[in-house]
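> First residue of the sequence shown? That's 1479 in the numbering used here, and the numbers climb one at a time after it.
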Amino acid sequence: MKFLATLALFAATLGAAADQSYAQAGDAGSGNGGMHMHGLSDPAATSGATVKVGTLEISGGYVRAMLPGQPVGGGYLVIRNTGSEDDRLVSASSPLSPAVEIHEMSMQGQIMKMRRLEGGIAVPAGQTVELKPSGLHLMFTKVATPFKQGDSVPLKLTFEKSGSFDLTLPVQGFRPGNQHN
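1) What is the rounded straight-line gap between the Cα of residue 1550 and the Cα of residue 1532?
2) Select from 1595, 1542, 1538 the residue whose C-alpha is nearest the C-alpha of residue 1629.
3) Please identify the residue among 1568, 1583, 1580 whose C-alpha is closest to the C-alpha of residue 1643.
4) Please classify residue 1643: does DSSP put it in a helix, a strand, or coil?
5) Of the residues 1536, 1577, 1552, which one's Cα is nearest the Cα of residue 1560?
6) Answer with buried or exposed for residue 1570, where buried requires no fewer than 16 other C-beta atoms within 10 angstroms of its C-beta.
7) So, for residue 1511: in the same chain, excluding its five sequence neighbours on each side, which residues have a beta-carbon less than 7 angstroms away from its beta-carbon?
8) Helix, strand or coil: which one does DSSP assign to residue 1574?
9) Check whether the Cβ atoms of residue 1646 and residue 1632 lie closer than 8 angstroms to each other.
10) Just reading off the beta strand (DSSP E) that residue 1528 is part of, what are its end residues?
11) List the endpoints of the continuous beta strand (DSSP E) containing residue 1616.
12) So the candidates are 1564, 1544, 1576, 1558; which of them puts its Cα closest to the Cα of residue 1634?
13) For residue 1608, count the other beta carbons within 10 Å of its own beta carbon; 16 or more makes it buried, fewer makes it exposed. Which is it?
14) For residue 1639, I'd like the list of residues in its chain whose CB is within less than 6 angstroms of its CB, leaving aside the five on either flank, ordered along the chain.
15) Just verifying my parser: in three-state terms, what is the DSSP assignment at residue 1606?
16) For residue 1595 and residue 1581, I'd like the C-alpha separation in whole angstroms.
17) Could you work out which residue in 1627, 1641, 1620, 1636 is closest to residue 1547 when comparing CA atoms only?
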């Protein structure tokens, strides 16, 4: 029951406290927020740049710092498909979270609701999909040690056509007026 109460609190604060500077992560000139890709190139060489994986471009990745004792956290990034075929983010995993789920926040009337997307997220050809607060996002669940500003979170993304790859997302801290996400 405590977990459900914490999850409900997280869902409520996820949309209400989003910092627009982070939500703009995919804008031109924003870089990748310190995101590092592993297995694709030297991580130091990718800092501040968009990383290409096949026809996909990944940028703006980060994880928000968590409240002490909070078992869930949110992860965000931008995926641009420059190819002529659709792709799909089908799963994500991290050694710091027993389960990383793909979620969507949406308004139903005057209530913000969060739901797990069992089929993943479509990344249509020629389109950009942004995982951001109050929208599509990655949900790190049952996190034993809350993510703190300055930490890094290893993450594996698996796409239907582009395959799997590892990256490390920086943890960004709270800003005045913001709570969790």
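We treat Cβ as the ideally placed atom computed from N, Cα and C, and that holds for glycine.
Reading it off the structure:
1) In the sequence shown, the residue the question calls residue 1550 occupies position 72. In the sequence shown, the residue the question calls residue 1532 occupies position 54. Cα to Cα, the separation comes out at about 31 angstroms.
2) Counted from its first residue, the sequence shown places residue 1629 at position 151. Of 1595, 1542, 1538, the residue nearest in Cα terms is 1542.
3) The sequence position of residue 1643 within the sequence shown is 165, counting from 1. The residue with the shortest Cα to Cα distance from residue 1643 is 1568.
4) Within the sequence shown, residue 1643 is the residue found at index 165, counting from 1. Strand at residue 1643.
5) Counting from 1 along the sequence shown, the entry for residue 1560 is found at position 82. It is 1536.
6) In the sequence shown, the residue the question calls residue 1570 occupies position 92. So residue 1570 ends up on the buried side.
7) Along the sequence shown, one-based indexing puts residue 1511 at 33. Its pLDDT being 43, under 50, residue 1511 is placed unreliably in this model, and the coordinates cannot settle the point.
8) Taking the first residue of the sequence shown as 1, we reach residue 1574 at position 96. Three-state DSSP puts residue 1574 in coil, outside helix and strand.
9) Walking along the sequence shown from the start, residue 1646 turns up at place 168. Walking along the sequence shown from the start, residue 1632 turns up at place 154. Cβ atoms of residue 1646 and residue 1632: closer than 8 angstroms.
10) Sequence index remark: in the sequence shown, residue 1528 carries index 50 (1-based). Run containing residue 1528: none; DSSP gives neither H nor E here.
11) As a first step, residue 1616 is located in the sequence shown; it is residue number 138 there, counting from the start. First-last of the beta strand (DSSP E) with residue 1616: 1614 to 1619.
12) Start at 1 with the first residue of the sequence shown, and residue 1634 comes out as number 156. For residue 1634, the nearest C-alpha among the options comes from 1576.
13) Position 130 of the sequence shown, counting from 1, holds the residue named residue 1608. The residue in question, residue 1608, is buried, as its Cβ has 16 or more Cβ neighbours within 10 Å.
14) Residue 1639 sits at position 161 when you count from the first residue of the sequence shown. So the list reads 1565, once near-sequence residues are dropped.
15) Within the sequence shown, residue 1606 is the residue found at index 128, counting from 1. Three-state DSSP puts residue 1606 in a strand.
16) By one-based count along the sequence shown, residue 1595 stands at place 117. By one-based count along the sequence shown, residue 1581 stands at place 103. Approximately 5 angstroms, taken between the alpha carbons.
17) Along the sequence shown, one-based indexing puts residue 1547 at 69. Ranking 1627, 1641, 1620, 1636 by Cα distance to residue 1547 puts 1620 first.
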